[in-house]
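In terms of this note's numbering, the sequence shown has 181 at position 173, counting the first letter as 1, and numbering is strictly consecutive.
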Amino acid sequence: MAAIIALLVATPILALAWEALHGSSDLWPHLFAFVLPTALIQTLTLLCGVGILVIFIGTGAAWLVAAYDFPGRGILEWALLLPLAVPTYIIAYAYLDILHPIGFVQGVIRATLGYSSPREFRLPDIRSMTGCIILLGFVLYPYVYITTRAMFLTQAANLIEAARTLGTRRSQVFWRVALPLARPAIAVGVSLALMEALNDIGASEFLGVKTLTVSVYTTWITRSDLPGAAQIALAMLFLVIALIVMERWARRRQRYSLTAQRNRSLMPRKLGGFAGWMAFCSGFIPVFIGFLAPAAYLAVEAWKRFHLAGLSGQLVSEAANTIVMSALATAIVLVFGLAVAYAIRLRPGRFSAVAYRLSTIGYAAPGTVIAIGILIPIAALDQFIDRRAIDWFGFSTGLLLIGSGAALIYAYAVRFLAISAGAADAGFSRIPISFDQAARSLGENATGTFRNVHLPLSKTALAAAGLLVFVDCMKELPATLLLRPLNFETLATHLYGEAARGTYEEASIAALAIVLIGTLPVIVLARVGRQKS
């Protein structure tokens, strides 16, 4: 079963490579001349800008709450995670209206400065590369904050004390001791943030940045050019591989060892008075920009829309579509994740390890890459089923798999299988092998041991993984846009369509629902973080 699951996950990648390399060789010169240079330059510029910003915000916030004690520190520890609840396309959607030239913010600024119209004074247009970098940076910095804060909290205080006794000033401790030790954690967090930035389609398109992801979408949807989309997606896959290689290279020489002496956690330095409040304000800025301001805007606009027209039946059906598809995908992902993780438990070795690795590669690939890779074999299978149905039964099945949403669930499973497989493997690793031996000595077979021992002891980790998978499926935009059936809308695609038309108030309720549901895994993550610290 693990081998079959690994093959299902690897099939879209193999199909993508086959279509790109054998589909239409005449397209490569056109892509290299007119599409890829611009898209690649804009993508690399976006990734470099977002990478620098998330390092600055995430590492600074992590050091602030780990090394200093000030009023409101306990609130900031979990509040700094809240931007994770806001998908990138929602942050762009919200700020396009918040910072509109005739909007409330710019109106207040003009009134304060004595100007009467946007022609006399207006802020720089947020529809730009700079605007996209800033907004994505303030949404994605928690990936660096989580990993780096954990490193700061767990690194031994005696290392810092040793540095102080060797003459290192308190102001240099961060640069000379803490930051070098945290480099592997920063590299992991930055790689995750850049993967999300590369996967983004809504924010980049709304803000006028033509990335590789946007190019894939427009090539397939606007021009109906599947080979061209596959070739651009293959270029994206090479970029993802380059990011992974760079992340591994960045921490290639990082090694850690434990001493016999018991390590002590870092004790925060007390800040009071003006310094304490300045520290709180500094940590509050990312929370305000990345979560509070867009969430407040969505709440106000949603209330206006609800008060004016109530809750539309279309929105209810879209919410039902979102829940049903996400729930089905979550159930499949959990079963598949349990299978590949339990295979390692039952038969540890190279074969099960390779199956596990292959099963989790989808999480590193952007949603557009997965969607195009799935579209190729699924479309071929739909045509095969349709021809056989006509030959054998005399009627056409049409696009059975794509039209039923099976292709979309397949994409969700490939994209997020790594979450459940990782959680199941982590849960199983905490169960001593002696439990298995005891159960087998009492007459249980492998299935009974799994049902009566492993599953009950791993249910907490699996429940958390299921919540994460459900929310990620609900927020996923690129794969949903490319693989959804005709006339099938989810909350994410509804929001995308309304924002593309500029009717922001129509999508506010959908956006607010996504943000509110997205806070659930953030709350779980914050509770786990407090227990560990």
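We treat Cβ as the ideally placed atom computed from N, Cα and C, and that holds for glycine.
Keep in mind that this is a model prediction, so the values were computed, not measured.
Through-space distance from residue j to residue i, alpha-carbon basis
i, j, result
"Q239", "A25", "8 Å"
"F146", "P294", "6 Å"
"P95", "L143", "11 Å"
"A47", "S466", "44 Å"
"A283", "A74", "16 Å"
"D399", "P464", "49 Å"
"A69", "L220", "31 Å"
"E326", "A519", "12 Å"
"V324", "I331", "11 Å"
"I369", "I209", "21 Å"
"T542", "L44", "The chain is shown from 9 up to 541; residue 542 falls before or after that span and cannot be answered."
"L167", "V181", "10 Å"
"G281", "A414", "59 Å"
"H502", "S320", "13 Å"
"A301", "P188", "34 Å"
"I12", "N495", "32 Å"
"P132", "A102", "17 Å"
"V222", "V341", "27 Å"
"Q391", "S412", "14 Å"
6 Å CB neighbourhood of residue i in its chain, flanking five on each side removed
i, result
"D394", "S404, T405"
"A93", "V523, G526, T527, V530"
"L215", "A100, R135, G139, C140"
"V224", "A237, I240, A241, T376"
"T155", "A193, V196, G197"
"G567", "The chain is shown from 9 up to 541; residue 567 falls before or after that span and cannot be answered."
"L490", "A379"
"L383", "none"
"A190", "T156, M159"
Own chain, CB closer than 7 Å to residue i, minus 5 neighbours either side, in chain order
i, result
"L72", "A287, S290, G291"
"L242", "L24, A25, A28"
"A534", "W86, L89"
"D433", "A349, I352"
"S265", "Reliability fails at S265, whose pLDDT of 48 lies under 50, so the model's placement of it is uncertain and the value that follows must be treated cautiously. The answer is none, since no qualifying residue turns up."
"S360", "A10, A351, I352"
"T457", "D444, A447, R448"
"F129", "R118, L121, Y123"
"A171", "V181, R184, V185"
As assigned by DSSP and simplified to three states, the class of residue i
i, result
"R277", "strand"
"D233", "coil"
"D7", "Any property of residue 7 remains undetermined from this structure, which presents the chain solely from 9 to 541."
"V390", "The residue you asked about is not Val; residue 390 is Asp in the sequence shown. Reduced to three states, the DSSP call for D390 is helix."
"Y97", "helix"
"D444", "helix"
"D208", "coil"
"Y123", "coil"
"Y76", "strand"
"R438", "coil"
"V222", "helix"
"F64", "helix"
"Y371", "helix"
"V217", "coil"
"E309", "helix"
Rounded distance between the beta-carbons of residue j and residue i, thought under 8 Å
i, j, result
"V343", "F424", "13 Å between Cβ atoms; not a contact."
"V62", "V248", "V62 to V248, Cβ: 17 Å. No contact."
"Y151", "A201", "4 Å"
"M203", "L251", "7 Å"
"E484", "Y420", "7 Å"
"Y371", "I106", "32 Å between Cβ atoms; not a contact."
"P493", "I386", "Actually they do not touch by this definition, with Cβ atoms about 12 Å apart."
Pair within 7 Å by beta-carbon distance, residue i and residue j
i, j, result
"A10", "A373", "no"
"A379", "A487", "yes"
"L499", "A472", "no"
"I517", "R184", "no"
"G318", "P91", "no"
"S334", "V17", "no"
"I417", "A337", "yes"
"L55", "A205", "yes"
"G345", "S428", "yes"
"G59", "Y149", "no"
"L354", "A211", "no"
"L474", "P20", "Residue 474 is actually Gly in this sequence, not Leu. No, Cβ-Cβ distance for G474 and P20 is not below 7 Å."
Residues of its chain near residue i, where Cβ-Cβ distance is below 8 Å and the 5 sequence neighbours each way are ignored
i, result
"P126", "P109, I110, Q114, R118"
"Q50", "M137, V217, K218, T219"
"I439", "V461, H462, L465, S466"
Within-7 Å CB hit, residue i to chain B
i, result
"A69", "Chain labels in this structure do not include chain B; a single protein chain is all it has."
Any non-hydrogen atom of the ligand MG closer than 6 Å to residue i Cβ
i, result
"A351", "Among the ligands in the structure shown, none appear at all, so the ligand MG cannot be discussed."
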